[in-house]
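This report concerns only the one structure given below.
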Amino acid sequence: MTVVDIRSIFSQRNIELFEVNSSYIYYAEEKNEEGHNNLFILEYNRSTRRERLVTNYTLEDPTFVEHLFAFENTLVLILENGSNSMWLIEIDKNSGMELNRRKVVCTGAFRSCTALDSEHILIYMGPDEVNSEMFKRYSEVTGCECLCYMYDLKTNIKHFIKNPLIAKLGTDNIKQMTVRDEKYLILLDPFADEDIKRGYYEEQRWINADIRDNIWLCRLEEFEKQLEAGAENITKKCIASADIKALARYMGIDGDKLFFRAKEFRTGIEKICSYDVFTNSLNVEAELNIPDNDTMYIIEEKPFSVFSVKSDNRETSVTGIINSSAELTYKSKLGSFMTCIENRYIVTQNFVTDNETNTEKRIYSIYDSELDKSESYECNCCLKGNTLVLY
18 MTVVDIRSIF SQRNIELFEV NSSYIYYAEE KNEEGHNNLF ILEYNRSTRR ERLVTNYTLE
78 DPTFVEHLFA FENTLVLILE NGSNSMWLIE IDKNSGMELN RRKVVCTGAF RSCTALDSEH
138 ILIYMGPDEV NSEMFKRYSE VTGCECLCYM YDLKTNIKHF IKNPLIAKLG TDNIKQMTVR
198 DEKYLILLDP FADEDIKRGY YEEQRWINAD IRDNIWLCRL EEFEKQLEAG AENITKKCIA
258 SADIKALARY MGIDGDKLFF RAKEFRTGIE KICSYDVFTN SLNVEAELNI PDNDTMYIIE
318 EKPFSVFSVK SDNRETSVTG IINSSAELTY KSKLGSFMTC IENRYIVTQN FVTDNETNTE
378 KRIYSIYDSE LDKSESYECN CCLKGNTLVL Y
C-alpha cells in the first residue's frame with residue numbers, strides 16, 4: 018500500500034480531488050478573494066512533492082457548479098448553475114491553455130453530465146418552468162423524465178439522443194471499463210430499489226407488467242457513432258437479466274471482468290457472478306450465505322473485492338471472499354470498515370463530535386495487522402487502487 022500524505026499542502030483549504038494517477042494528483046479549489054469567486058485547478062507531483070497551478074478562472078456567477086473530467090492530455094471543465102445553459106471548456110493539462118470554450122444551450126434545466134471520453138459529453142436536462150408541459154408530454158410518450166444530449170467537443174455539435182434507454186438511465190447508471198485497449202460502456206437498467214422489487218414479487222399475482230432488471234454492455238466507439246447518426250436503437254449485449262422473481266445488480270469491475278449480484282426472492286439465495294468481457298464467460302464467484310444479522314458484506318468497486326465483516330463493541334473481524342484472502346481482526350473503536358489492502362492494511366472511518374465547537378470530525382485510521390499498529394488522521398481520504406491519499 019502507498020500512502021500519499023499531502024495534508025500540509027491543504028491546511029485550511031477546501032479542495033476536491035478529481036484524478037489520482039501514478040505520477041500526479043489533480044484537484045480543484047474555490048476561493049473568495051476580494052469579493053470574487055475564483056476556481057483554481059492544480060496538480061501535485063508525487064515525485065517532487067510540489068504543487069503546480071494548471072489554470073484558474075474567476076467565476077462571474079457565484080452559483081456556478083463545476084464538473085471536472087481528466088484524460089491523458091486534457092481536462093474538461095463544465096460550469097453550470099442549473100439553468101438551460103452551461104460552459105464547456107477543454108484545457109491542456111501541461112500548459113493550462115484553453116483548447117476549446119463553448120456556451121452550450123439545451124432545452125430544460127441542467128440535471129447531470131458525464132464524460133464518455135475526451136471528446137464526448139453526455140448532458141441530461143430536466144423540466145423547467147418554461148418547458149414543463151413539453152416535458153410532461155415527453156414523459157408520457159417515452160417514460161423518460163430527462164432529455165439527453167451528446168456534445169462533441171471536436172466538432173462542437175450537440176446531438177439529441179433519441180434512444181429512450183440512454184435518456185432514462187442518467188449518469189449514475191452509466192459505467193465505463195477498458196478491456197485489452199477496447200473501451201466499453203456498462204448500462205445499468207434496474208427496475209427499482211430492492212425493497213420495491215421484492216414488494217412487487219410478493220404481490221405478483223396482481224401484476225401483468227414486465228418487471229425486469231437488465232445490465233447491458235456496448236462498445237463505446239460504436240455507441241458514439243450510432244448516437245451521432247441519430248439512431249433510436251443502439252447495439253448492446255445483455256449481460257444479466259432478472260424478472261419479477263429475482264434481482265440483478267451491478268457491483269464492480271476488476272480487469273476484464275464485470276461483477277454483479279444475483280438474488281432469487283423465493284429461496285433467498287444470493288450470489289456474486291462475473292462476466293468476462295474478453296472471453297464472454299459467465300461464472301458464479303461466490304455464494305453469499307449470511308449466518309446472522311451481525312454479518313454484512315462490504316464491496317469495494319475499484320478494484321473489486323468482497324469482504325464479510327462481523328462486528329461487536331469489542332472487535333471487528335474481516336474475511337475476504339472475492340479477490341482477497343484476508344482473515345483479520347481489529348478493535349472496533351477504530352471505526353467502521355472501509356477496505357482491506359494487500360490482505361494486511363485495514364482502513365476505517367470514524368466520526369467524533371467536538372464538544373467545544375459541537376461539530377463532527379471525520380477520522381480515518383490505517384491498521385497494520387502484521388505490526389499490530391494503527392495510525393489515525395483527522396482529514397479527508399481518497400482511495401485509488403492501492404494508493405491512499407490523505408488531504
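Numbered according to the numbering used here, the sequence shown spans residues 18 to 408.
Glycine included, each C-beta is placed from N, C-alpha and C at the ideal position.
Run through DSSP, which three-state label would residue i get?
i: residue 184; result: helix
i: residue 158; result: helix
i: residue 215; result: helix
i: residue 288; result: strand
i: residue 179; result: coil
i: residue 152; result: helix
i: residue 349; result: helix
i: residue 190; result: helix
List the endpoints of the continuous beta strand (DSSP E) containing residue i.
i: residue 326; result: 322-328
i: residue 93; result: 91-97
i: residue 85; result: 82-87
i: residue 118; result: 115-122
i: residue 104; result: 102-109
i: residue 49; result: 41-50
i: residue 163; result: First-last for residue 163: undefined, no H or E at that position.
i: residue 399; result: 398-401
i: residue 391; result: 390-395
i: residue 297; result: Residue 297 -> no beta strand (DSSP E), and no H or E assigned at all.
i: residue 200; result: 199-206
i: residue 268; result: 263-271
i: residue 337; result: 332-339
i: residue 143; result: 137-143
i: residue 279; result: 274-281
i: residue 381; result: 376-385
i: residue 258; result: 254-259
i: residue 27; result: Residue 27 -> no beta strand (DSSP E), and no H or E assigned at all.
i: residue 371; result: 362-371
i: residue 36; result: 32-37
Can you tell me where the alpha helix (DSSP H) with residue i in it begins and where it stops?
i: residue 240; result: 237-245
By the 10 Å Cβ neighbour count, where 16 or more other Cβ atoms means buried, how is residue i classified, buried or exposed?
i: residue 241; result: buried
i: residue 66; result: exposed
i: residue 157; result: exposed
i: residue 110; result: buried
i: residue 278; result: buried
i: residue 216; result: exposed
i: residue 114; result: exposed
i: residue 333; result: buried
i: residue 252; result: exposed
i: residue 187; result: buried
i: residue 356; result: buried
i: residue 45; result: buried
i: residue 294; result: buried
i: residue 71; result: buried
i: residue 58; result: buried
i: residue 313; result: exposed
i: residue 126; result: buried
i: residue 39; result: exposed
In chain order, what residues of the same chain lie with their CB nearer than 6 Å to the CB of residue i, ignoring the 5 residues before and after it?
i: residue 22; result: 407
i: residue 259; result: 230, 265
i: residue 292; result: 256, 275, 299
i: residue 302; result: 289, 291, 339
i: residue 281; result: 263
i: residue 367; result: 352, 380
So residue i and residue j are in contact, right, with Cβ under 8 Å, and what is the actual spacing, rounded?
i: residue 207; j: residue 227; result: Not a contact, Cβ separation roughly 14 Å.
i: residue 74; j: residue 61; result: That belief does not hold up - the Cβ atoms of residue 74 and residue 61 are roughly 19 Å apart, past 8 Å.
i: residue 384; j: residue 358; result: No, residue 384 and residue 358 are not in contact; Cβ-Cβ is about 11 Å, not under 8 Å.
i: residue 78; j: residue 98; result: 6 Å
i: residue 337; j: residue 324; result: 6 Å
i: residue 386; j: residue 361; result: 5 Å
i: residue 159; j: residue 144; result: Incorrect: roughly 13 Å between the Cβ atoms, too far for contact.
i: residue 205; j: residue 232; result: 6 Å
i: residue 201; j: residue 236; result: 6 Å
i: residue 304; j: residue 315; result: The Cβ separation is near 17 Å, so there is no contact.
i: residue 43; j: residue 36; result: 4 Å
i: residue 123; j: residue 101; result: 6 Å
Skipping 5 residues on each side, what residues in its chain have a beta carbon closer than 8 Å to that of residue i?
i: residue 167; result: 133, 137, 138, 139, 140, 175, 176, 178, 241, 244, 245
i: residue 318; result: 268, 269, 270
i: residue 24; result: 394, 396, 407, 408
Return the chain-ordered list of same chain residues with a C-beta closer than 7 Å to the C-beta of residue i, the five sequence neighbours on each side being excluded.
i: residue 27; result: 408
i: residue 94; result: 83, 85, 106, 108
i: residue 330; result: 349
i: residue 344; result: 336
i: residue 211; result: 264
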